[in-house]
Every structure is written in structure tokens, then in C-alpha cells.
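Novice:
In our numbering, the protein residues as written are 6 to 289.
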């Protein structure tokens, strides 16, 4: 009896019904029940039922419906992210999303949808916090990072773009052309493309977009005083041919000079000369 059910409807019952409908073949029924119960007087879906429904829909590859539910709950949270921040809170994660993720046999794409939804609603810091899921071996795709960078770039929060790009490098999520174009746009707005002239003089000719972005990032890390971090990032870039040897050597010398380690800087400089690199102006 639907009228009787509407009186007795509660979070526990909704959770039980959704779990009974968690298989992909029942996903449409789960969505129908979710919408029907949302219309019952005196009942409002909580985080648990939203999470269950979203994971069920993603597992069934009903991505548009899952996206609609995500955006629905985020609309209620704009200006007050605490309601949905539970999803990305490192201390609460074990008892919420990963648990739902596991019991519904969900798809990692659900977290990409989450980041993209946060980006759309300009909840950038919360969206970036989703990367903490990587500590639990749930990786975000390059598309998620690109979405976040794209919307953050439009908001002029340039420092966050750099933070996201640095994180991608640290997690070895390597950029594609879209990432590079977005980051170059930010560098242009910040007036950081003086690095282009520096690179031309080091390398002897115009460098690719990728090299410009990566070198600018390293240079800014050095200027921040995070020398060891900059050297570690350069080594990762060299392994992936994301930066030229001549540029890397020059930046390492510059970093060591900034650190005050002149003897070490001189050793790197001499090694650079042995590898037939020119004594570049940056080193001096």
C-alpha cells in the first residue's frame, strides 16, 4: 500500500530498497524508487541514499542520471559545502563513500563525475580535495583534472591551477594537450611567460608548449624555496622527456645556488660542461 508506505518511509527503509536494486539490470527501478520516495511527504533523501543511488547508476553506466543526482545535491550545498564535504573528508571516508562504493560494486568514474560537478558549481577547493581518495587507491582521470583546471582558470584562481598541476606531476598523472593549453593560458595571465625568452636562450630555439609549462612550474617552485621538491620534480620530468637536459641542468644549478650550496652547484655546472652544454647565462 503506497499510502501506508509513505507514512513509514525512512532512511533505513530507503537504503534497504536501494540495496535490493543495486544490480545494473535493476538500476532504472532504483532510480524510479529514488524519485518516487523523494516526493513522499515528510521524507527527504540524505547523503546515504544519494550516494547509493549515484553509485548504482554509474555501475549501470547511466551517467547522465548519475550526474543529475550529483548536481541536485550540490545545488543544495552551494555556499555551504559542509553537507556534501563528508564525501571527501579524509577522517570520515572509511564509513561513507568507499563503503558505498564497495557494496554497490561501483565504477571509479563516479569520482570523476564528482570532481566535474564540483568544478561546475565553482566549489574548487572541495573538488580538489577529492584527490585524497587516491590515498585509498582510487585514481582520478586526466579528464577530471582538466575539468577542474578549466573552471578554476575561468575564475582567475591561478594559484590553485598551479597547485593542481603540481599534484598531477607528483601523482604521475601526466598532462595532455588540453592541460597544457589551459596552464599556458594561466601563465599568460600571470605574466609568467618571461620564461619563454629564458628557455629560448638556454635551448637555442623555441621550446614546445609542454616544455614551457613544465619549466615555468619548476622555476616557480624554486623561487618559492622548495628546492629539494623542485629537483625531485625535474628528475621525474627527465624520465618522461618532459624537459630538456640542458634546461634541467641549468635549473638544478640555479636551485642549488638559491639553496646556498655553491660547491654542489659548481659540481653540477662542471658536469653540464662535460656533457657539451654551453655555459648558459642563467647559470651565471
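The beta-carbon is built from N, C-alpha and C at its ideal position, and this holds for glycine as well.
Using 10 angstroms around the beta-carbon of residue 44, count the other beta-carbons present and answer buried if the total reaches 16, otherwise exposed.
Specialist: By the 10 Å Cβ count, residue 44 comes out exposed.
Novice: Measure the C-alpha to C-alpha separation of residue 76 and residue 212 and round it to an integer number of angstroms.
Specialist: Answer to the nearest angstrom: the Cα atoms are 41 Å apart.
Novice: Which class does residue 159 belong to by DSSP, given the choice of helix, strand or coil?
Specialist: Of the three classes helix, strand and coil, the one that applies to residue 159 here is helix, per DSSP.
Novice: Who are the Cβ neighbours of residue 61 in its own chain at under 6 Å, not counting the five residues just before and after it?
Specialist: Result list for residue 61: 27, 32, 35 and 109, in chain order.
Novice: Measure how close the beta-carbons of residue 147 and residue 178 come, nearest whole angstrom, since I'm counting them as under 8 Å.
Specialist: Indeed, because the Cβ distance is near 6 Å, the residues count as touching under 8 Å.
Novice: Is the separation between the beta-carbon of residue 156 and that of residue 127 shorter than 9 Å?
Specialist: Cβ distance < 9 Å, so residue 156 and residue 127 count as in contact.
Novice: Beta-carbon within less than 7 Å of residue 238's beta-carbon, same chain only, minus the 5 sequence neighbours each way: which residues are those?
Specialist: Excluding sequence neighbours, residue 238 sits near 174, 223 and 226.
Novice: Mind checking which residues open and close the alpha helix (DSSP H) that includes residue 219?
Specialist: Segment 214-228, the alpha helix (DSSP H) holding residue 219.
Novice: Grab me the residues of residue 154's own chain with a C-beta within less than 6 Å of its C-beta, minus the 5 sequence neighbours each way, in chain order.
Specialist: So the list reads 166, 169 and 187, once near-sequence residues are dropped.
Novice: Do residue 255 and the ligand NAP come close, with the Cβ less than 8 Å from some heavy atom?
Specialist: The ligand NAP is absent from the structure shown, which contains no ligands of any kind.
Novice: Taking the alpha helix (DSSP H) that residue 69 falls in, what are its first and last residues?
Specialist: Segment 68-80, the alpha helix (DSSP H) holding residue 69.
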